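Taking it in order: structure first as structure tokens, then the write-up.
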Amino acid sequence: MKIFLKSLAALLFLALAVWAIRSDTLPDRAGAGGAGAASLPGRSTGDAAWRTAPVWDDGRAEYCAYDVTWARYGHLFAGSALLVVVKEPWAPDLDVKADTPRPDGFEVLKLNHIRDVRTGIYTYHQMASVFARRDDGTLRKINAASTEACGVSTALMTRGRLETHSYFDGQGDRATDYPAGALPEDGLPLFLRGYVTGAAPETLSLFPSLMHGAFPKLEPAPWRVEKRSLPAVETAAGPLPGVEIRLTGAAGVLAYTFAVESPHRLLRFERSDGTVYRMAKCERIPYWAQHNPGDESWWPARPAS
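The opening residue of the sequence shown carries number 0 in numbering that gives the first Met the number 0; numbering runs sequentially from there.
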């Protein structure tokens, strides 16, 4: 019996040793910084000044409302969108916002993109949250959802793994590695800001939007990048100077126009299918405290359809 127990203990010790060696030598799918998705070697994140600007330390958020024309079902529908950018402390062990800063934590910039569009008798409610490290600009996490009368679709990318859940036939529930170096289309209103004053690359590898609800292709594609200055971009606050960053790919054209002034708010967005975002109002406010009756007066009046 003693011989048996000694042999069993030796086998267990050997198994643990092998496991420890393998765990120490296996590649980190997430890459440096956790997700590794936006940290492709050789891809510049542009000018970091907008990320490190002290404006993000004022205890408020960039809160921007947009009037939207949205292409769907071969028609153009009127809707609204909200882009929120705010600094948050990060809990790396859970990949969520930390209630208080941690010794092993860091700061992220969070982009919440919310879109509501009525199509006929039902309404699309769509949202994507994209988190990027403030220090080096690398992608940390994506969370997205789309709901309407037909069903619910969700997506989550964290630690280099992407899970999608769709009600569409042929898609269903899937899990895959998120491609290293690919920028998420849902995060472009955040990531492209580095190219307003910084040098833009000739091409970018883009991962398709996860807030559309359908995930026919879970793979990146190359897009050509062009940049030009615009002396006057029409906004609800009047004409403002801007910089347009235009992306051209097999799926069409995406044109993002940012304010010249840091931190380069998104003034306008256009897609070649007819989708347009027009800034209606944009302020730095502590929106989380404005949840009482009457606070809805902040919202600008919707344009007549």
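Don't be surprised by glycine CBs; every beta carbon is placed ideally from N, CA and C. The model shown is predicted, which means the values in this text are computed figures rather than measured ones.
| Query | Result |
| --- | --- |
| Drop a sphere of 10 angstroms on the beta-carbon of THR99, count the other beta-carbons inside from all chains shown, and report buried for 16 or more, exposed for fewer. | exposed |
| Taking just the CA atoms, how far does ASP185 sit from MET156? | 12 Å |
| Just verifying my parser: in three-state terms, what is the DSSP assignment at ALA288? | helix |
| What is the residue span of the beta strand (DSSP E) that TYR123 lies within? | 121-132 |
| What residues in its chain sit with their C-beta under 6 Å from that of SER22, if we drop five residues either side in the sequence? | Model confidence at SER22 stands at a pLDDT of 38, short of 50, so the residue's coordinates are unreliable and nothing is read from them. |
| I want to see whether chain D comes within less than 7 Å of SER228, judged by CB atoms only; does it? | You won't find chain D in this structure, because it holds only one protein chain. |
| Are the beta-carbon atoms of VAL275 and THR68 separated by less than 7 Å? | yes |
| Tell me whether the segment 196-205 and the segment 127-142 touch, counting them as touching only if at least three CB pairs, one residue from each stretch, are closer than 8 Å. | no |
| Helix or strand or just coil, what does DSSP make of GLU295? | helix |
| Label CYS149 either buried or exposed according to how many other C-beta atoms from any shown protein chain fall within 10 Å of its C-beta, with 16 as the threshold for buried. | exposed |
| Considering GLY193, what are the terminal residues of the alpha helix (DSSP H) in which it resides? | 193-196 |
| Taking the alpha helix (DSSP H) that ARG305 falls in, what are its first and last residues? | Shown here, the chain extends from 0 to 304; a query on residue 305 therefore has no answer. |
| Ends of the beta strand (DSSP E) at PHE76? | 74-90 |
| Could you check which residue in GLY159, LEU81, ALA97, GLY180 has the C-alpha nearest to that of PRO188? | LEU81 |
| Taking ARG283 as the reference, give the member of THR51, PRO178, ASP56 with the closest Cα. | ASP56 |
| Just curious, the alpha helix (DSSP H) that PRO238 is in, first and last residue? | First-last for PRO238: undefined, no H or E at that position. |
| Check whether the Cβ atoms of ARG267 and THR256 lie closer than 7 Å to each other. | yes |
| Does GLY169 pass the burial test, meaning 16 or more other C-beta atoms within 10 Å, or should it be called exposed? | exposed |
| Answer with buried or exposed for VAL171, where buried requires no fewer than 16 other C-beta atoms within 10 angstroms of its C-beta. | A small fix is needed here, since residue 171 is Gly in this sequence, not Val. By the 10 Å Cβ count, GLY171 comes out exposed. |
| Tell me, please, which residues DSSP counts as bridged to TYR276. | VAL67, PHE268 |
| Which residue's Cα is closest to the Cα of SER43: ALA97, SER204, VAL232? | SER204 |
| For PHE190, report the span of its alpha helix (DSSP H) as first-last. | 187-190 |
| Let's see if you can read the secondary structure: which residues bound the beta strand (DSSP E) around LEU138? | 138-147 |
| Looking at HIS124 and THR153, is the spacing between their C-beta atoms short of 7 Å? | no |
| For the beta strand (DSSP E) that contains GLU260, what are its first and last residues? | Run containing GLU260: none; DSSP gives neither H nor E here. |
| In whole angstroms, what is the alpha-carbon distance linking PRO178 and PRO207? | 12 Å |
| DSSP beta-bridge partners for SER43? | The partner list for SER43 (beta bridge, DSSP) is empty, contrary to what the question assumes. |
| Touching or not, the segment 56-66 and the segment 281-298, by the rule of three or more beta carbon pairs under 8 Å? | yes |
| Can you say whether LYS216 is buried or exposed, counting buried as having 16 or more other CB atoms within 10 angstroms of its CB? | exposed |
| Candidates ARG117, LYS109, TYR72, ALA90: which alpha carbon is nearest PRO102's? | ALA90 |
| Around the C-beta of ALA143, are 16 or more other C-beta atoms found within 10 angstroms, so that it is buried, or is it exposed? | buried |
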